[in-house]
Amino acid sequence: MHPYAGKRVAVVMGGLSAEREVSLGTGAGVLAALLERGWDAVAIDWREGTSLARLLDDAGAQVVWNALHGTWGEDGAVQGLTSCARIPCTGSGILASALAMDKVISKRIFESNGLATPRWSLLPHDGPADGSDAAARLADRPLPCVVKPANEGSSVGVSIVDAPADLAAAVAAARRFHGPVIVEDYIAGTEVFVGILNGRVLGSVEVRPTTKFYDYDAKYKRSDTQYLIPPQLPAATVAQIEALALAAYHALGCSGHARPDVRVTTAGEPFILEVNTLPGMTKTSLLPKIAKHAGMDYPTLCEEILATATSL
Ligand SMILES: Nc1ncnc2c1ncn2[C@@H]1O[C@H](COP(=O)(O)OP(=O)(O)O)[C@@H](O)[C@H]1O
Ligand SMILES: [Mg+2]
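Residue 14 in our numbering sits at position 11 of the sequence shown, and the numbers go up by one each step.
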């Protein structure tokens, strides 16, 4: 029997982050799936100027299916609110959510657990807005490198830099966002996302964008990105990628569903980039695609994720 059978499920979506539209897509998909399975499910569209605590109260929420993405949703803030309200919520808890959202802290945790992550340097947020400190600070850094803001998602503010002359502009672009700037070794090769549910690997997908890297347009606007399930890589390499992804999930203390992001060199050596704790969950998102390949249909995945809800 489902642990939340008979409970009223609030699917919380929208939210206040830049990923509001993506979240509305996730929320609509999940709500439809739960209703199709006969759940007493209601949508909560949390928008600027409304109180999420009051919305949950008014809806009589007994368990939250968290369909938010980004800041104030994926970063532990909503997990704190539901925890105080004693309402179980899907996905990772307060601490793991906050750790996974912060790429600096995540990378330190990966390194202290012996997990391979690209070599990196850190630039402060409060340096010159035009990035004119980059050349001196990054003089020893091998190129190409990847410059990215520490606390964003959806590839916003991310640049791949091939020539020293382009470093300043890349740092300036990343500094437009909140928090410090990460400069990483560029891992030439391929990219694999791993689907995890409740501490178990469901499978993985190789992502082949036609753009230079998996940027915002390739993620949300273009339709020419190829998604290969399973990845077209040797089975032993896929096993190594999935083991690294699961170790990263555990190192951060994640629970429920997650979708780590791994780069693999042409020689087959995997590096963990990050763990996404609230991945896209529309019917055609990557985690549902991975689950489908593993024999789990979309409504079942939504119900299985609901079953992992916890109140910390
Ligand atoms: N070290 C790297 N080597 C190669 N490509 C990278 C590297 N870091 C990031 N990228 C590219 O940039 C994309 C976004 O970077 P990521 O660290 O996953 O941040 P986000 O949270 O924005 O998804 C990745 O999906 C990948 O295509
Ligand atoms: Mg990513």
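Think of the CB as a built atom: it goes at the ideal place given N, C-alpha and C, for glycine as much as any other residue.
TODO: List the whole-angstrom C-beta distance separating Leu126 from Ile199, where the pair is believed to meet the contact cut-off of C-beta under 8 Å.
DONE: Here the question's residue 126 lines up with position 123 in the sequence shown. Here the question's residue 199 lines up with position 196 in the sequence shown. At roughly 31 Å, the Cβ-Cβ gap does not stay under 8 Å, so Leu126 and Ile199 are not in contact.
TODO: Kindly indicate which three-state DSSP category Glu24 falls into: helix, strand or coil?
DONE: The count along the sequence shown starts at 1 and reaches residue 24 at position 21. If DSSP states are grouped into helix, strand and coil, Glu24 belongs with the helices.
TODO: Excluding the 5 residues preceding and the 5 following Asn116 in the sequence, name in chain order all residues of the same chain whose CB lies nearer than 6 Å to its CB.
DONE: For the purposes of this step, residue 116 is taken as residue 113 along the sequence shown, with counting starting at 1. Cβ within range, chain order: Ala254.
Task: Own chain partners of Gly87 with C-beta closer than 8 Å, once the 5 adjacent residues on each side are dropped - done: What you label residue 87 is simply residue 84 of the sequence shown in a count that begins at 1. For the sequence presented, residue 87 should be read as Cys rather than Gly. Closer than 8 Å at Cβ, skipping near neighbours: no residue.
Open item on the list: Given 6 Å as the limit, tell me if Arg50 has its C-beta closer than that to any heavy atom belonging to ligand 1.
Closed with: The sequence position of residue 50 within the sequence shown is 47, counting from 1. The answer is no for Arg50.
Task: Cβ pair Ile293, Val208 closer than 7 Å - done: If you number the sequence shown from 1, residue 293 lands on position 290. If you number the sequence shown from 1, residue 208 lands on position 205. Closer than 7 Å, so yes.
Task: Any heavy atom of ligand 2 within less than 7 Å of residue CB: hits in chain order - done: Gly156, Ser158, Asp264, Leu276, Glu277, Asn279
TODO: Please indicate yes or no: does the CB of Val186 lie closer than 6 Å to some heavy atom of ligand 1?
DONE: Residue mapping note: residue 186 aligns to position 183 of the sequence shown, counting from 1. Val186: no, Cβ never under 6 Å from ligand 1.
Open item on the list: Suppose the cutoff is 6 Å on Cβ atoms and the five residues either side in sequence are ignored; what does the same chain contact list for Ala312 look like?
Closed with: For this step, residue 312 is matched to residue 309 along the sequence shown. For Ala312, where only same-chain residues beyond five positions count, the Cβ hits under 6 Å are Val66, Pro91, Cys92, Thr93.
Task: Three CB pairs or more closer than 8 Å across the segment 281–290 and the segment 124–140 - done: no
Task: Asn201 burial status per 10 Å Cβ neighbour count (16 or more: buried) - done: By 1-based counting over the sequence shown, the position of residue 201 is 198. Under this definition Asn201 is an exposed residue.
Task: Inter-residue Cα distance where the pair is Phe180 and Ala62 - done: Numbered from 1 along the sequence shown, position 177 holds the residue referred to as residue 180. Numbered from 1 along the sequence shown, position 59 holds the residue referred to as residue 62. Distance between the alpha carbons of Phe180 and Ala62: 34 Å.
Task: Near ligand 1: Glu307 beta-carbon under 6 Å from a heavy atom - done: Numbered from 1 along the sequence shown, position 304 holds the residue referred to as residue 307. Glu307: no, Cβ never under 6 Å from ligand 1.
Task: Candidates Thr193, Pro147, Thr120, of which the one nearest Val267 by Cα - done: On the sequence shown, residue 267 is found 264 positions in, with the first residue counted as 1. The shortest C-alpha separation from Val267 is found at Thr193.
TODO: Just tell me which of Thr280, Val12, Ser314, Lys295 has its CA closest to the CA of Leu38.
DONE: Translated into positions along the sequence shown, residue 38 becomes position 35. Measuring from the Cα of Leu38, the nearest candidate turns out to be Val12.
- [ ] Could you check if Gln235 is buried or exposed, using at least 16 other CB atoms within 10 Å of its CB as the buried criterion?
- [x] Here residue 235 is taken as the residue at index 232 of the sequence shown, counted from 1. Result: exposed.
Open item on the list: Per the DSSP calculation, Phe196 is bridged to which residue(s)?
Closed with: Indexing the sequence shown from 1 puts residue 196 at position 193. Under DSSP, Phe196 takes part in a beta bridge, and its partners are Val208, Asp264.
- [ ] For the beta strand (DSSP E) holding Cys305, just list the boundary residues, first then last.
- [x] By 1-based counting over the sequence shown, the position of residue 305 is 302. Element bounds for Cys305: not the beta strand (DSSP E) but the alpha helix (DSSP H), 301–310.
Task: Spatial neighbours of Phe113 in its chain, beta-carbon cut-off 7 Å, leaving aside the 5 residues before and after - done: By one-based count along the sequence shown, residue 113 stands at place 110. Excluding residues within five positions, the ones whose Cβ falls inside 7 Å are Thr120, Ala251, Ala254, Ile275.
Open item on the list: Going by beta-carbon coordinates alone, are Val164 and Ala173 separated by less than 7 Å?
Closed with: On the sequence shown, residue 164 is found 161 positions in, with the first residue counted as 1. On the sequence shown, residue 173 is found 170 positions in, with the first residue counted as 1. Here Val164 is near Ala173, since their CB atoms are less than 7 Å apart.
Open item on the list: Let me check you understand the geometry: is the CB of Arg203 closer than 6 Å to at least one non-hydrogen atom of ligand 1?
Closed with: In the sequence shown, the residue the question calls residue 203 occupies position 200. Outside the cutoff, so no.
Task: Identified DSSP bridge partners for Gly17 - done: On the sequence shown, residue 17 is found 14 positions in, with the first residue counted as 1. Bridge partners of Gly17: Trp49.
Open item on the list: For ligand 1, is there any heavy atom lying closer than 6 Å to the beta carbon of Pro152?
Closed with: Numbered from 1 along the sequence shown, position 149 holds the residue referred to as residue 152. Of the heavy atoms belonging to ligand 1, none sits nearer than 6 Å to the Cβ of Pro152.
TODO: Let me know if Pro145 comes out buried or exposed under the rule of 16 or more other beta-carbons within 10 Å of its beta-carbon.
DONE: As a working note, residue 145 is residue 142 in the sequence shown. That one is exposed.
TODO: Specify whether the segment 137–156 and the segment 182–191 touch according to this definition: at least 3 beta carbon pairs, one from each stretch, less than 8 Å apart.
DONE: yes
Task: Pairwise C-alpha distance: Thr280 and Cys257 - done: Locating residue 257 in the sequence shown gives position 254, counting from the first residue. Locating residue 280 in the sequence shown gives position 277, counting from the first residue. Approximately 8 Å, taken between the alpha carbons.
Open item on the list: What does the alpha-carbon distance come out to for the pair Trp68 and Val14?
Closed with: On the sequence shown, residue 68 is found 65 positions in, with the first residue counted as 1. On the sequence shown, residue 14 is found 11 positions in, with the first residue counted as 1. Rounded to the nearest angstrom, the two C-alpha atoms are 5 Å apart.
TODO: With hydrogens ignored, establish whether the beta-carbon of Tyr301 is closer than 6 Å to any heavy atom of ligand 1.
DONE: What you label residue 301 is simply residue 298 of the sequence shown in a count that begins at 1. Result no, Cβ not under 6 Å from ligand 1.
TODO: Please list the segments of the alpha helix (DSSP H) lying wholly inside the segment 45–102, counting only runs of 4 or more residues, in order along the chain.
DONE: As far as the segment 45–102 is concerned, its whole alpha helix (DSSP H) runs of at least 4 residues are 55–62, 80–87.
Open item on the list: Taking the alpha-carbon of Ala166 as reference, which of Ala142, Ser157, Met4 has the nearest alpha-carbon?
Closed with: For the purposes of this step, residue 166 is taken as the residue at position 163 of the sequence shown. The option with the nearest alpha carbon to Ala166 is Ala142.
Open item on the list: Between Val161 and ligand 1, is there a pair consisting of the residue's CB and a ligand heavy atom that are separated by less than 6 Å?
Closed with: As a position in the sequence shown, residue 161 is number 158, starting the count at 1. Result yes, Cβ under 6 Å from ligand 1.
TODO: Would you mind working out which of Pro212, Ala171, Tyr189, Gly206 sits nearest Ala132, comparing C-alpha positions?
DONE: Position 129 of the sequence shown, counting from 1, holds the residue named residue 132. Minimum Cα distance to Ala132 is reached at Ala171.
- [ ] Starting from Phe113, trace the alpha helix (DSSP H) both ways and give me its first and last residue.
- [x] Locating residue 113 in the sequence shown gives position 110, where the first residue counts as 1. Here the alpha helix (DSSP H) through Phe113 covers 106–115.
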